[in-house]
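Using my numbering, read the sequence shown as starting at 1118 and increasing by one per residue. We put the beta carbon where it would ideally sit given N, CA and C, even for glycine. Note that the structure is a prediction, hence the values are computed from the model and not measured. A short worksheet on the structure shown next.
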Amino acid sequence: MKEKSNLTRRCNQIISIILLPQVLHRMWIEFNDGVVTNLDYIYLLLLAWIIQAFISPFLFRKEIE
């Protein structure tokens, strides 16, 4: 079970690294148009997920071990 947890965590980190530049670029375009749309909130949620997926293993390392 622990191997599956480690694999899931690594996959989330890889996906985060791949998606981060794309999300930041799209956010730059969306937020510079001056109009707040649902897409702006979707990109904020996606950015929050990326940050959580990348940082959470470091925050909860003692609980996992």
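Which residue wins for smallest C-alpha separation from residue i, given the options the options?
{"i": "V1140", "options": "I1172, Y1158, S1173", "result": "Y1158"}
{"i": "H1188", "options": "V1153, Y1160, R1127", "result": "Since the first residue shown for the chain is 1118 and the last is 1182, residue 1188 is missing from the structure and cannot be characterised."}
{"i": "L1162", "options": "N1149, M1144, L1124, S1173", "result": "M1144"}
Measuring CB atoms only, is the region 1163–1171 touching the region 1131–1140, in the sense that at least three cross pairs come out at less than 8 Å? With a cut-off of 8 Å, the region 1131–1140 and the region 1163–1171 count as touching, because enough Cβ pairs lie within range.
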